[in-house]
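Residue 55 in numbering that gives the first Met the number 0 is what sits at position 56 of the sequence shown, and the numbering runs on without skipping anything. For each residue, glycine too, the CB sits at the ideal point set by N, CA and C. All figures in this text were calculated on a predicted structure; none of them were measured in a lab. Working notes, beginning with the structure itself.
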Amino acid sequence: MIKYKQLNIIEKHSLDHDKRGYAIRLTKTGKELLNQLHSTLEQKLNHSLTEEDLAHVLSLSKP
Numbered sequence: 000m001i002k003y004k005q006l007n008i009i010e011k012h013s014l015d016h017d018k019r020g021y022a023i024r025l026t027k028t029g030k031e032l033l034n035q036l037h038s039t040l041e042q043k044l045n046h047s048l049t050e051e052d053l054a055h056v057l058s059l060s061k062p
């Protein structure tokens, strides 16, 4: 099992309103890694999908 907290990718914080729960947040390192992964995935998709397929995939990743 990967220890994401030890890799400084996430931070775990107790919730103020419920001490039984936790909030998990990306650290600056985690956000940078996520951006790198997104960029790499986009480059790979650009080379292997048609424009129409790529537009569809990218539309699925938007909130």
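Tell me, please, whether the CB atom of Ala22 is closer than 8 angstroms to any CB atom in chain B? As a matter of chain content, chain B is missing from the structure shown, which is built from one protein chain.
Mind the definition here: the segment 2-9 touches the segment 18-38 only if three or more C-beta pairs lie below 8 angstroms; say whether that holds. yes
Given a cut-off of 8 angstroms on the beta-carbon distance, is the pair Leu53 and Leu40 in contact? no
By the three-class DSSP mapping on this structure, what secondary structure does Leu33 have? helix
Relative to the alpha-carbon of Ile8, which residue among Asp17, His16, Arg19, Thr28 has its alpha-carbon at the smallest distance? Thr28
Selected residue, minimal CA-CA separation from Lys61, among Ser47, Thr49, Lys18, His37: His37
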